[in-house]
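Each residue of the sequence shown is one higher than the last, beginning at 1 in the numbering used here.
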Amino acid sequence: MKFTDGLWLKKSGTSLHRAHDMWRYRIEGDEIEVLVPCREIRGMHDTTEGSCLTFRFSAPRTDMISVKVLHYAGRIKRGPYFGLDLDKPAVDIVDSEDTITMTSGKLQAVLCKKGNFGYHFYYDGKPLTWAGNRGTAYVTDVDYEADQRCDYNANPPYPYRKETYVREALSLDVGEYIYGFGEHFTPIVKNGQSIDIWNRDGGSASDQAYKNVPFYLSNKGYGVFVNTPDRVEFEVGSASVRNVEFSVEGEELEYIVIGGGSPKKVLSYYTALTGRTPVPPAWSFGLWLSTSWEPDSSAEITMDFVNGMADRDIPLSVFHFDARWMDDFNCCDFIWADRFGDAPEMLRKIHEKGVKVCCWINPYVAQQSRLFPEGAENGYFIKRQDGSVWQSDNWMAGMAVVDFTNPAACKWYADRLGEIIDMGVDCIKTDFGERIPTDVIYFDGSDPRKMHNYYPYLYNKTIFGMLEEKRGKGEAIVFSRSSTTGTQQFPVNWGGDNEATYISMAESLRGGLSFCQSGFGYWAHDISGFVGTATPDLYKRWTAFGMLSTHSRLHGMSSYRVPWCFDEEACEVLSFFTKLKCSLMPYLFAGAVNVNLAGEPLMRAMMLEFPEDQTCLMLDRQYMLGDSLLVAPIFREDGVVEFYVPEGVWTNYINGEQFEGGKWYTRKYDYFNLPLLVRAGAVIARGSVNAKPDYDYANGITYEVFSLADGQKGGCTVYDTACAEAVKMEIVRSGNQMSVSVSGRDAGKPWAVQLRGVDGVQKIAHGTAEACKNGVCIRAAGDTVIITL
Numbered sequence: 001m002k003f004t005d006g007l008w009l010k011k012s013g014t015s016l017h018r019a020h021d022m023w024r025y026r027i028e029g030d031e032i033e034v035l036v037p038c039r040e041i042r043g044m045h046d047t048t049e050g051s052c053l054t055f056r057f058s059a060p061r062t063d064m065i066s067v068k069v070l071h072y073a074g075r076i077k078r079g080p081y082f083g084l085d086l087d088k089p090a091v092d093i094v095d096s097e098d099t100i101t102m103t104s105g106k107l108q109a110v111l112c113k114k115g116n117f118g119y120h121f122y123y124d125g126k127p128l129t130w131a132g133n134r135g136t137a138y139v140t141d142v143d144y145e146a147d148q149r150c151d152y153n154a155n156p157p158y159p160y161r162k163e164t165y166v167r168e169a170l171s172l173d174v175g176e177y178i179y180g181f182g183e184h185f186t187p188i189v190k191n192g193q194s195i196d197i198w199n200r201d202g203g204s205a206s207d208q209a210y211k212n213v214p215f216y217l218s219n220k221g222y223g224v225f226v227n228t229p230d231r232v233e234f235e236v237g238s239a240s241v242r243n244v245e246f247s248v249e250g251e252e253l254e255y256i257v258i259g260g261g262s263p264k265k266v267l268s269y270y271t272a273l274t275g276r277t278p279v280p281p282a283w284s285f286g287l288w289l290s291t292s293w294e295p296d297s298s299a300e301i302t303m304d305f306v307n308g309m310a311d312r313d314i315p316l317s318v319f320h321f322d323a324r325w326m327d328d329f330n331c332c333d334f335i336w337a338d339r340f341g342d343a344p345e346m347l348r349k350i351h352e353k354g355v356k357v358c359c360w361i362n363p364y365v366a367q368q369s370r371l372f373p374e375g376a377e378n379g380y381f382i383k384r385q386d387g388s389v390w391q392s393d394n395w396m397a398g399m400a401v402v403d404f405t406n407p408a409a410c411k412w413y414a415d416r417l418g419e420i421i422d423m424g425v426d427c428i429k430t431d432f433g434e435r436i437p438t439d440v441i442y443f444d445g446s447d448p449r450k451m452h453n454y455y456p457y458l459y460n461k462t463i464f465g466m467l468e469e470k471r472g473k474g475e476a477i478v479f480s481r482s483s484t485t486g487t488q489q490f491p492v493n494w495g496g497d498n499e500a501t502y503i504s505m506a507e508s509l510r511g512g513l514s515f516c517q518s519g520f521g522y523w524a525h526d527i528s529g530f531v532g533t534a535t536p537d538l539y540k541r542w543t544a545f546g547m548l549s550t551h552s553r554l555h556g557m558s559s560y561r562v563p564w565c566f567d568e569e570a571c572e573v574l575s576f577f578t579k580l581k582c583s584l585m586p587y588l589f590a591g592a593v594n595v596n597l598a599g600e601p602l603m604r605a606m607m608l609e610f611p612e613d614q615t616c617l618m619l620d621r622q623y624m625l626g627d628s629l630l631v632a633p634i635f636r637e638d639g640v641v642e643f644y645v646p647e648g649v650w651t652n653y654i655n656g657e658q659f660e661g662g663k664w665y666t667r668k669y670d671y672f673n674l675p676l677l678v679r680a681g682a683v684i685a686r687g688s689v690n691a692k693p694d695y696d697y698a699n700g701i702t703y704e705v706f707s708l709a710d711g712q713k714g715g716c717t718v719y720d721t722a723c724a725e726a727v728k729m730e731i732v733r734s735g736n737q738m739s740v741s742v743s744g745r746d747a748g749k750p751w752a753v754q755l756r757g758v759d760g761v762q763k764i765a766h767g768t769a770e771a772c773k774n775g776v777c778i779r780a781a782g783d784t785v786i787i788t789l
């Protein structure tokens, strides 16, 4: 929110009580407390009126420093609160004549004791950002001013203060760019934007977002997390081009500065604080197909779709039943509509095809649902201020909203939903969760304004927990639209209601990249767009993008999304890219394990991998899939794509074309190709199976080695589908020889090495026997194979 009118004036109707000079401070243990009046103290009279702010500095984890700014301390504090993993590290505090320095790991906060109060943050001696110049402020409306003047003659005598805020302003450096805030579809660089952290069902073409996260990332190698699920309003170089300003309504504000030195390391630290993402089941990385939002959905149509995919040699991993699997006006009652006939038998037939099943739900219960009387009678719904059930006709007639702060309501809802899991459903699409009212009462007394953004966390936690109980850890997955900080612990998310246009395809990618800069490792989108029906051209281009995302689903509103509804070539394109993704699963699944272990996203903006490359800082039409694959989707009907290649030699994985880095390229591709580039020195583990995503990755694997230079080392680790390390490959080049070693539990299984980008020739070395093939000489030397070029 903007509280100023240009550089000099305040916004009409507000007053800023700005932090002035440090009055006194106290160091107690590992914390610093500072009292700062909001006016200049020139004499005793200045101490008898006016606001003061209390600042508290502490270290929640190594390389992090928390700043709490407090006005009134006597207000009743109500949750919810984000669950944070605090380790309370050793902190060094040095009190000198002019400054107080707090050190947590490599991160320092240096507090100024003289002049206007402020504090500078440094990481490993490098300046990051600072607050000062009276940027920290307590903001009030004009009624507060009358109250503070003790205007007893006012009518009424004590005007009611309607709104107060605490605002912080952190500096922006020259050439500094800000990213993150969740899934926002606006440009990936957020400088110049106003960001409202308030979940909304707003589609993918506005400044609203389904998934808001009060965290931002700087290309300077630090992050800032505002520690509240309340509404946070950011002005990113917009109220003042010199600052990121953020404000929270009320009497206090806490934010945590996170060091790291590089954007990826910052995300690693941030997810260690807010929760790491478990590895989704391997089958979830394959192709998902939906019934779409169609009234003619039935068991017959479902099996026609499943069989039709198999007939056209398109590997299908998950079949998704969207909202119309239940009867109209009855959502959510978790009862199959009559048009699906014997639902358990239908599910059995789908499973016989090797396909998993997903079903749509939302957290709303229509008045016609069998669950409504139970929920209303037992107090399982959010209530109005008078104690009655909060209801609305906006989405489903007479719907109520499940109160997930009530443990009994969570169990009731999960138990009822669990009936279809017992029937054979494998996973759940947790739709909605953004239209959460604030004029309500929760079972546990939570602040309804804070619960608006926090609700998706409890919603998805309940369903994910039920799936873990029913299916076991490692097999649980939700397909969620709404999200907030911490929801990354319940993967995965998809991008909501996009449209069947190239413009929407591009905005979807922007949203996904911003989302994955905010602590989330996985992201999907409705391939070919949800609203409207794509042209065959768009369908095929979006298919390549969709199958080269972490998760891939065909879904839409006004037509079925099976490829033969577009043209026969669409079937071939979908088959090609689905098989390509399945064959890349050893590489992708290793990246998924890294999401869990290191907190680095599998799908990542170019700036995360190349933060020193000034061109990469602005790119939002291409991305990295893992640390070695660059993907540049095609957003034009003529098949032309413009893309940037970072330094080094890169090879197109599909057709072998090589690109010299540090340049822009323009290429035209058919539907079976696009820029899918591999960086020099990378080793891509290619599986021996392309018909499904879950198989024995180490059996028959091919290690594809790209442009390994003299003296360079490379390698990769392959995991099994239970996330256990199966085999590790290392390769070293010395002159015209490469030494390859394979170790680990499954090292004895067949494997091969394929050299790509070496002298322009693809050469294969098999590790099962001494051989000479395709001009490559191999001889066994203990556990090492020597390849002579």
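Positions of the beta carbon are idealized from the N, C-alpha and C atoms, including for glycine.
Buried/exposed call for residue i, threshold 16 Cβ in 10 Å
i      : result
PHE329 : exposed
THR666 : exposed
ARG42  : exposed
LEU597 : exposed
THR136 : buried
HIS17  : buried
VAL640 : exposed
CYS332 : buried
GLY445 : exposed
ASN378 : exposed
LEU7   : exposed
GLU183 : buried
LEU630 : buried
DSSP bridge partner residues for residue i (one or two, in chain order)
i      : result
LYS581 : Beta-bridge pairing links LYS581 to no other residue.
ASN116 : ASP21
PRO37  : CYS52
CYS516 : Paired residue(s): none; CYS516 is not in a bridge.
Distance CB(residue i)-CB(residue j) smaller than 8 Å
i      : j      : result
ARG134 : SER247 : no
GLY648 : GLY656 : no
GLY79  : ASP403 : no
SER508 : ASN498 : yes
MET786 : GLN754 : In the sequence on display, residue 786 carries Ile and not Met. No, the pair does not count as a contact, with Cβ atoms beyond the cut-off.
ALA376 : MET399 : no
GLU233 : ALA239 : no
GLY341 : ALA397 : no
GLY424 : LEU513 : no
VAL727 : ALA747 : yes
VAL730 : GLY715 : A small correction: the amino acid at residue 730 is Glu; Val does not occupy that position in the sequence shown. Yes.
GLY626 : LEU602 : yes
GLN488 : THR277 : yes
ILE188 : VAL236 : no
TYR459 : PRO363 : yes
ASN219 : SER171 : no
Nonlocal neighbours in the same chain, by C-beta distance under 7 Å from residue i, ignoring five residues either side
i      : result
GLY82  : Residue 82 is actually Phe in this sequence, not Gly. So the list reads ASN227, PRO229, THR274, THR485, GLY486, once near-sequence residues are dropped.
GLY744 : GLU725, ALA726, VAL727, LYS728
LYS461 : PHE490
Residues of its chain near residue i, where Cβ-Cβ distance is below 6 Å and the 5 sequence neighbours each way are ignored
i      : result
LYS713 : VAL732
ASP613 : PRO646
ARG339 : SER298
Contact set for residue i: own chain, Cβ-Cβ below 8 Å, skip 5 residues either direction
i      : result
LYS11  : LYS2, PHE3, THR4, ASP5
LYS470 : GLY418, ILE421, ASP422
ASP868 : Absent from the structure is residue 868, since the part of the chain shown begins at 1 and ends at 789.
LYS878 : Residue coverage of the chain in this structure runs from 1 to 789, which leaves residue 878 outside it and unanswerable.
CYS38  : HIS17, ARG18, ALA19, HIS20, GLY50, SER51, CYS52, LEU53, ALA137, TYR138
Below 8 Å, can you find three or more Cβ-Cβ pairs linking the stretch 631-644 to the stretch 663-683? yes
Looking at C-beta atoms only, is the number of pairs between the stretch 116-133 and the stretch 12-27 that lie closer than 8 Å three or more? yes
The stretch 542-557 contacting the stretch 679-689, beta-carbon criterion three pairs below 8 Å: no
Quick test of the definition: if touching needs 3 or more C-beta pairs under 8 Å, does the stretch 318-325 touch the stretch 276-295? yes
Sufficient close CB pairs (3 or more, under 8 Å) joining the stretch 560-574 to the stretch 523-542: yes
Could you say if the stretch 194-209 and the stretch 47-58 meet the contact criterion of at least three C-beta pairs nearer than 8 Å? no
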